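Visitor:
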Amino acid sequence: MKLAFATTAPESARADALVVFSAPASGMMAAPRLVGADTLPGAAISHLEESLRALKATGKADEVRTLTGVPKVAARVVVVTGLGSVPAGEEPTHEAVRRAAGAAARTLTGHGEAAVALPVATPEHTAAVAAGLVLGSYRFDAHRGAKAQAAAEAPLVSATLVAGKKSLAPGVSASDLSKAVEEAEIVARHQCFTRDLVNTAPNELYPQSFAELVEKAAGKGVKVEVMDEKKLAAGGFGGLIAVGQGSVRPPRLVTMTYSPRKAVASLAYVGKGITFDSGGLSLKPPASMMTMKSDMGGAAAVAAAVLAVAELELPVAVTGYLCLAENMPSGSATRPGDVITQRGGLTVEVLNTDAEGRLVLADGIALAAESRPDAIVDIATLTGAQIVALGKRTAAILANDDELQGALAQAAADAGESVWPLPIAEEVRSHLDSTVADMKNIGEAGTAGTLVAAAFLREFASPTDDDPARTQPWGHIDIAGPSFNEGGTWGYTGKGATGFGVPTLVEFARGYARSRD
Numbered sequence: 003m004k005l006a007f008a009t010t011a012p013e014s015a016r017a018d019a020l021v022v023f024s025a026p027a028s029g030m031m032a033a034p035r036l037v038g039a040d041t042l043p044g045a046a047i048s049h050l051e052e053s054l055r056a057l058k059a060t061g062k063a064d065e066v067r068t069l070t071g072v073p074k075v076a077a078r079v080v081v082v083t084g085l086g087s088v089p090a091g092e093e094p095t096h097e098a099v100r101r102a103a104g105a106a107a108r109t110l111t112g113h114g115e116a117a118v119a120l121p122v123a124t125p126e127h128t129a130a131v132a133a134g135l136v137l138g139s140y141r142f143d144a145h146r147g148a149k150a151q152a153a154a155e156a157p158l159v160s161a162t163l164v165a166g167k168k169s170l171a172p173g174v175s176a177s178d179l180s181k182a183v184e185e186a187e188i189v190a191r192h193q194c195f196t197r198d199l200v201n202t203a204p205n206e207l208y209p210q211s212f213a214e215l216v217e218k219a220a221g222k223g224v225k226v227e228v229m230d231e232k233k234l235a236a237g238g239f240g241g242l243i244a245v246g247q248g249s250v251r252p253p254r255l256v257t258m259t260y261s262p263r264k265a266v267a268s269l270a271y272v273g274k275g276i277t278f279d280s281g282g283l284s285l286k287p288p289a290s291m292m293t294m295k296s297d298m299g300g301a302a303a304v305a306a307a308v309l310a311v312a313e314l315e316l317p318v319a320v321t322g323y324l325c326l327a328e329n330m331p332s333g334s335a336t337r338p339g340d341v342i343t344q345r346g347g348l349t350v351e352v353l354n355t356d357a358e359g360r361l362v363l364a365d366g367i368a369l370a371a372e373s374r375p376d377a378i379v380d381i382a383t384l385t386g387a388q389i390v391a392l393g394k395r396t397a398a399i400l401a402n403d404d405e406l407q408g409a410l411a412q413a414a415a416d417a418g419e420s421v422w423p424l425p426i427a428e429e430v431r432s433h434l435d436s437t438v439a440d441m442k443n444i445g446e447a448g449t450a451g452t453l454v455a456a457a458f459l460r461e462f463a464s465p466t467d468d469d470p471a472r473t474q475p476w477g478h479i480d481i482a483g484p485s486f487n488e489g490g491t492w493g494y495t496g497k498g499a500t501g502f503g504v505p506t507l508v509e510f511a512r513g514y515a516r517s518r519d
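Here is the structure:
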């Protein structure tokens with residue numbers, strides 16, 4: 003989608019549609035109040051209020067009304083999108099704006115160009131509108147036939163975010179808002195890249211093809227290296243080999259490196275990339291396999307985040323590790339009871355082959371720790387227990403460092419993604435004790451599954467060099483729930499892949515660079 007900002011009065015913007023924002027008003031018979039559109043001509047405001055009242059519109063979140071014949075407005079139609087509750091005298095939250103813009107974009111299919119009246123003309127609100135428009139316009143139809151694709155209405159092609167010069171927030175210039183649009187579009191576009199990867203059928207997206215897509219997508223600022231199964235075996239990546247050995251499609255470890263000349267910090271992002279998870283010999287029930295093409299959402303988020311950070315030219319070095327494997331049952335598959343040696347030398351008794359994500363992540367985390375970055379962050383669709391604890395829209399954040407956990411939570415809040423910090427309780431480490439190896443890969447059934455998985459991964463962030471006193475800051479984001487939307491559409495989120503995690507990882511890098519500047 004083509005996006006731009008212009009200092010234009012909303013009523014003068016020539017477009018197929020004009021988008022304005024609304025919020026609930028007090029009083030049972032009151033029409034929703036317009037937010038940021040109070041500079042429209044009086045005749046236009048009166049028409050909108052009367053029409054919204056007649057339609058019994060409320061201004062609640064995800065409510066979108068399309069009106070025609072609005073006087074004194076150049077656009078053919080006016081789309082009114084609800085923000086939800088906005089207390090009097092306060093600005094709407096950035097996430098409310100992002101969600102409302104996304105809901106509007108989903109209804110603008112078939113409209114070539116839209117003008118969007120900014121609810122608040124600040125860089126943050128402008129960025130939220132831009133991101134919502136891109137994400138809300140997303141559509142995945144790569145697997146539909148040519149006839150179906152030709153018959154489908156095209157999504158919104160372009161949008162101009164508009165505000166009159168007098169509406170700009172104090173100290174804010176038009177160039178500030180143009181920059182906000184540009185940067186938000188970069189992040190949202192890469193979030194859509196993640197959605198494409200996750201939505202792709204597993205017969206088309208597997209470790210080798212995933213790696214090839216990343217190589218193709220990488221710009222000149224990102225170096226990509228791919229380790230095949232032979233290099234993985236030689237390098238001691240026992241987790242990736244064990245998980246992938248049951249499939250005819252061998253595993254891969256993709257390293258993406260962005261190294262700006264004046265980097266103020268170095269970060270490592272590690273992503274779980276199980277391109278299809280059958281459970282292996284610990285086979286999942288059929289219904290549980292239906293969405294298991296999405297079990298590589300963490301690796302997809304890491305790939306997109308590294309590319310976005312590079313395009314934004316943030317002054318922080320970021321290395322992404324994509325741990326890619328297909329978990330399948332066969333005569334060569336890992337058996338429950340097998341003992342494997344992970345990168346770094348720790349041995350693991352594999353008692354459940356459906357707890358495979360932690361095995362591939364462990365190799366990636368161990369490799370990342372060898373370069374001694376300022377922080378390691380892994381992201382994964384790791385545990386069903388995360389969904390039990392926090393639901394399908396909120397991710398879990400765990401860490402071995404309180405400051406890092408807080409920084410990740412703040413980055414998510416700034417990015418508009420819902421997360422909740424969880425502890426790695428002291429007692430759960432003993433759940434991983436094995437009688438034959440350094441650890442086993444599962445804990446006690448039905449007990450703190452998300453915490454146990456994090457405790458397992460924490461072991462591999464420990465230093466393996468000559469400085470045992472050094473603690474490697476490490477954080478873990480479990481996105482099992484929010485990575486893939488199986489429910490109805492809402493805001494900028496349609497069915498299928500969400501791209502969750504990309505904004506948080508980018509914002510974390512931005513914030514880390516800012517803190518070291």
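Under this note's numbering, the first residue of the sequence shown is numbered 3, with each subsequent residue one higher.
Yeah, the Cβ is synthetic: ideal placement off N, Cα and C, and Gly gets one too.
Quick caveat, the model's predicted, so the values are computed rather than measured.
Rank Ala312, Ser280, Gly173 and Gly241 by C-alpha distance to the C-alpha of Asp356 and give the top, closest one.
Guide: Sequence index remark: in the sequence shown, residue 356 carries index 354 (1-based). For Asp356, the nearest C-alpha among the options comes from Ser280.
Visitor: For Asp18 versus His127, is the C-beta distance shorter than 8 Å?
Guide: Translated into positions along the sequence shown, residue 18 becomes position 16. Translated into positions along the sequence shown, residue 127 becomes position 125. Against a cut-off of 8 Å, the Cβ pair of His127 and Asp18 comes out as no contact.
Visitor: By the three-class DSSP mapping on this structure, what secondary structure does Thr257 have?
Guide: The residue given as residue 257 occupies position 255 in the sequence shown. Looking at Thr257 - three-state DSSP - the assignment turns out to be strand.
Visitor: Touching or not, the stretch 6–15 and the stretch 160–175, by the rule of three or more beta carbon pairs under 8 Å?
Guide: The stretch 6–15, when compared against the stretch 160–175, does touch it at the 8 Å Cβ threshold.
Visitor: How about Lys274 and Leu384: are their beta carbons less than 8 Å apart?
Guide: Residue mapping note: residue 274 aligns to position 272 of the sequence shown, counting from 1. Residue mapping note: residue 384 aligns to position 382 of the sequence shown, counting from 1. Yes.
Visitor: Name the one or two DSSP bridge partners that Pro94 has.
Guide: As a position in the sequence shown, residue 94 is number 92, starting the count at 1. In the DSSP output, where bridge partners are listed per residue, Pro94 has none listed.
Visitor: What does DSSP give as the partner residue(s) for Lys167 in the beta ladder?
Guide: Position 165 of the sequence shown, counting from 1, holds the residue named residue 167. Paired residue(s): none; Lys167 is not in a bridge.
Visitor: Looking at the structure shown, is Tyr514 part of a helix, part of a strand, or coil, going by DSSP?
Guide: In the sequence shown, residue 514 corresponds to position 512, counting from 1. Of the three classes helix, strand and coil, the one that applies to Tyr514 here is helix, per DSSP.
Visitor: Just tell me which of Pro34, Arg100, Thr68 and Ser139 has its CA closest to the CA of Gly496.
Guide: As a first step, residue 496 is located in the sequence shown; it is residue number 494 there, counting from the start. When only C-alpha atoms are compared, the closest one is Ser139.
Visitor: In its own chain, which residues sit with a C-beta less than 6 Å from the C-beta of Trp476, not counting the 5 before and 5 after it?
Guide: In the sequence shown, the residue the question calls residue 476 occupies position 474. These residues qualify, in order along the chain: Ile378, Asn402 and Ala463.
Visitor: Determine the closest residue to Ser485 out of Pro34, Gly393 and Ala319, with distance taken between C-alpha atoms.
Guide: Locating residue 485 in the sequence shown gives position 483, where the first residue counts as 1. Here the closest residue by C-alpha is Gly393.
Visitor: Cutting at 7 Å between CB atoms, please list the residues of its own chain near His96, excluding the five before and the five after it.
Guide: Working through the sequence shown from its first residue, we reach residue 96 at position 94. Within the same chain, His96 has close Cβ partners Glu126, His127, Ala130 and Gly418.
Visitor: Tell me the start and end of each unbroken alpha helix (DSSP H) in the stretch 237–320 that is at least 4 residues and wholly inside, in chain order.
Guide: Fully enclosed alpha helix (DSSP H) runs of 4 or longer: 240–246, 288–291 and 299–314.
Visitor: Please go through the stretch 374–429 and give each complete alpha helix (DSSP H) segment of 4 or more residues, from N-terminal end onward.
Guide: Within the stretch 374–429, the complete alpha helix (DSSP H) runs of at least 4 residues are 386–392 and 404–417.
Visitor: Closer than 8 Å is the cut-off here; do at least three beta carbon pairs connect the stretch 284–298 with the stretch 255–271?
Guide: No: fewer than three Cβ pairs fall under 8 Å.
Visitor: Which residues does DSSP pair with Asn487 in a beta bridge?
Guide: By 1-based counting over the sequence shown, the position of residue 487 is 485. Asn487 is bridged to Gly498.
Visitor: Output the boundary residues of the alpha helix (DSSP H) element that contains Glu51.
Guide: If you number the sequence shown from 1, residue 51 lands on position 49. Its alpha helix (DSSP H) spans residues Gly44 to Ala56.
Visitor: Check whether the stretch 183–200 and the stretch 230–238 are in contact - that is, three or more C-beta pairs closer than 8 Å.
Guide: The answer is no - the stretch 230–238 does not touch the stretch 183–200, with fewer than three Cβ pairs under 8 Å.
Visitor: At the level of alpha carbons, what is the spacing between Gln151 and Thr491?
Guide: Working through the sequence shown from its first residue, we reach residue 151 at position 149. Working through the sequence shown from its first residue, we reach residue 491 at position 489. Whole-angstrom Cα-Cα distance: 21 Å.
Visitor: Can you tell me which residues form a DSSP beta bridge with Ile342?
Guide: Translated into the one-based positions of the sequence shown, residue 342 becomes position 340. Ile342 pairs with Val350.
Visitor: Over the uninterrupted alpha helix (DSSP H) stretch that includes Leu85, give me the two end residues.
Guide: As a working mapping, residue 85 is identified with position 83 in the sequence shown. That residue, Leu85, is in no alpha helix (DSSP H); it is neither H nor E in DSSP.
Visitor: Give me the Cα-Cα distance between Val411 and Ala153, rounded to the nearest whole angstrom.
Guide: For the purposes of this step, residue 411 is taken as the residue at position 409 of the sequence shown. For the purposes of this step, residue 153 is taken as the residue at position 151 of the sequence shown. At residue 411 the sequence reads Ala, which differs from the Val that was named. Spanning the two alpha carbons is a distance of roughly 43 Å.
Visitor: State yes or no: is the C-beta of Leu324 within less than 8 Å of the C-beta of Ala310?
Guide: Within the sequence shown, residue 324 is the residue found at index 322, counting from 1. Within the sequence shown, residue 310 is the residue found at index 308, counting from 1. It is not a contact, given that the beta carbons lie outside the stated cut-off.
Visitor: I'd like the list of long-range same chain contacts for Ala123, defined as Cβ closer than 6 Å, with 5 residues on each side in sequence excluded.
Guide: Translated into positions along the sequence shown, residue 123 becomes position 121. So the qualifying residues of the chain are Ala165, Ser169, Leu170 and Ala171.
Visitor: Could you check where the beta strand (DSSP E) with Ile479 kicks off and where it finishes?
Guide: Counting from one through the sequence shown, the residue named residue 479 turns up at place 477. Per DSSP, Ile479 belongs to the beta strand (DSSP E) from Trp476 to Asp480.
Visitor: Can you look up Gly322 in the DSSP assignment and give me helix, strand or coil?
Guide: Here residue 322 corresponds to residue number 320 of the sequence shown, with the count starting at 1. Gly322 falls in the strand class under three-state DSSP.
Visitor: What do you reckon, are the CB atoms on Phe23 and Ala133 nearer than 8 Å?
Guide: Position 21 of the sequence shown holds residue 23. Position 131 of the sequence shown holds residue 133. For Phe23 and Ala133, no; Cβs fall outside 8 Å.
Visitor: Can you pull the DSSP bridge partners for Asn329?
Guide: For this step, residue 329 is matched to residue 327 along the sequence shown. Asn329 is bridged to Asp279.
Visitor: Residue ranges of each beta strand (DSSP E) run of no fewer than 3 residues wholly in the stretch 196–242, ordered along the chain?
Guide: Taking only runs of at least 3 residues, the beta strand (DSSP E) segments lying wholly in the stretch 196–242 are 225–229.
Visitor: Are the CB atoms of Tyr514 and Val224 within a distance shorter than 8 Å?
Guide: Start at 1 with the first residue of the sequence shown, and residue 224 comes out as number 222. Start at 1 with the first residue of the sequence shown, and residue 514 comes out as number 512. No, they are not a contact pair.
Visitor: Start and end of the beta strand (DSSP E) containing Lys149?
Guide: Your numbering for residue 149 matches position 147 in the sequence shown. Careful: Lys149 lies outside any beta strand (DSSP E), inside the alpha helix (DSSP H) at Ala148 to Ala153.
Visitor: Specify, as a first and last residue, the run of the beta strand (DSSP E) that Thr124 falls within.
Guide: Here residue 124 refers to the residue found at position 122 of the sequence shown. Looking at the DSSP string, Thr124 is not in any beta strand (DSSP E), and its letter there is neither H nor E.
Visitor: Please list the terminal residues of the continuous alpha helix (DSSP H) segment that includes Arg460.
Guide: On the sequence shown, residue 460 is found 458 positions in, with the first residue counted as 1. Unbroken alpha helix (DSSP H) run through Arg460: Gly451 to Arg460.
Visitor: Suppose contacts are defined by Cβ-Cβ distances below 8 Å. Is Val341 in contact with Gly241 by that definition?
Guide: In the sequence shown, counting from the first residue as 1, residue 341 sits at position 339. In the sequence shown, counting from the first residue as 1, residue 241 sits at position 239. The answer is no: Cβ separation not under 8 Å.
Visitor: Are Ala267 and Asp198 closer than 8 Å when you measure CB to CB?
Guide: Here residue 267 is taken as the residue at index 265 of the sequence shown, counted from 1. Here residue 198 is taken as the residue at index 196 of the sequence shown, counted from 1. Contact: no.
Visitor: Cα separation between Ala119 and Met330?
Guide: Here residue 119 refers to the residue found at position 117 of the sequence shown. Here residue 330 refers to the residue found at position 328 of the sequence shown. Computed Cα separation, rounded: 51 Å.
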